[in-house]
Amino acid sequence: MNITHAQFVTLPVADQDRAKDFYVGTLGFDVVADQRMGPVRWLQVAPKGAQTAFTLAAAEQGFTPGSSRGIMLQTTDLDADCARLAEAGAAVEGPADQPWGRQATVTDPDGNAFILAAAATGA
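Following this note's numbering, the numbering of the sequence shown begins with 3 at its first residue and continues without gaps.
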């Protein structure tokens, strides 16, 4: 096999502009693409330097907003990121210590839930 990475992950959202504001303004992601493709708006965002982007897909494209769960985002400073996200009004649960590291749950305005994780000390 010659697979090197996931190109994009689809995140179902109700309002692409509101989602863009959250992912770019709150999470600090970059806009990778924002263009019309016929009747569809192709909107992608990604963490700086990431190989995998997130496509913010609208309900009109056949997706159920808020249905994404379990995507893990890695951070080097979980506590600072959780505090910054909470200050920005994001829904954050945690952080909590787990045997495999520390993690928190962050939910976007549509209800898509991410795990924000930091590796265990010494891992």
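By construction, the Cβ of each residue, glycine as well, lies at the ideal position given by its N, Cα and C atoms.
As the structure is a computational prediction, the values presented were derived from the model and not from experiment.
Residue i - DSSP class collapsed to helix/strand/coil
i, result
"residue 87", "helix"
"residue 29", "coil"
"residue 3", "coil"
Cut-off 6 Å between Cβ atoms - residues of its own chain near residue i, not counting five sequence neighbours on either side
i, result
"residue 60", "18"
"residue 104", "80, 97, 120"
Same chain, Cβ closer than 8 Å to residue i, neighbours up to 5 away in sequence not counted
i, result
"residue 54", "7, 8, 9, 10, 11, 48"
Spatial distance of residue i from residue j (CA atoms)
i, j, result
"residue 125", "residue 76", "Unreliable positioning characterises residue 125 in this predicted model, as indicated by a pLDDT of 48, which lies under 50. The coordinate reading is nonetheless provided below. The straight-line gap from Cα to Cα measures roughly 14 Å."
"residue 90", "residue 38", "30 Å"
"residue 115", "residue 42", "24 Å"
"residue 117", "residue 84", "11 Å"
Exposure label - residue i; buried when at least 16 CB within 10 Å
i, result
"residue 50", "exposed"
Same chain, Cβ closer than 7 Å to residue i, five either side skipped, listed in chain order
i, result
"residue 36", "45"
- prompt: Is there contact here, the stretch 60-72 with the stretch 95-113, by at least three beta-carbon pairs under 8 Å?
  reply: yes
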